[in-house]
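The structure appears below as structure tokens.
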Amino acid sequence: MHDRSLDEFADGNAGGDDDPTDTSAERAERATAPDVGAEWPADGDEAGDAEGAAVTYEWTPGGAACGVCGASVETRWRDGEAFVCADCKEW
846 MHDRSLDEFA DGNAGGDDDP TDTSAERAER ATAPDVGAEW PADGDEAGDA
896 EGAAVTYEWT PGGAACGVCG ASVETRWRDG EAFVCADCKE W
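For what it's worth, my numbering labels the leading residue of the sequence shown as 846, then goes sequentially.
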């Protein structure tokens, strides 16, 4: 197998149909049509309740106290309800 130039594929019809079934007008219509099954509110408000999402890691440039030993560390991981250092985290 030899290397091929991208110019060989520039016409967009690399062995495909001569009669495309999906015209650019149809693609444009789909791109602007509202998505009936969309989960986002129609008003564009994407900030919703992120129920189920939980922060599992925290980085504090100036350091923060470990929830178990009290050591000041920059990186902490959630262990139960507290953020703890790597030494106190139950891996």
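Idealized CB from N, CA, C, for every residue including glycine.
Check	Outcome
What does the alpha-carbon distance come out to for the pair Glu935 and Gly912?	13 Å
Compute the Euclidean distance between the alpha carbons of Glu919 and Ala931, then round it to the nearest angstrom.	10 Å
Taking all protein chains shown into account, do 16 or more other C-beta atoms lie within 10 angstroms of the C-beta of Arg849, making it buried, or fewer, making it exposed?	exposed
Once you ignore the five residues that flank Thr901 on each side, which residues in its own chain have a CB closer than 7 Å to its CB?	Trp922 and Arg923
Since I believe Glu896 is in contact with Phe928 (beta carbons under 8 Å), could you give me their beta-carbon distance rounded to a whole number of angstroms?	Rounded, the Cβ-Cβ distance is 21 Å, inconsistent with contact.
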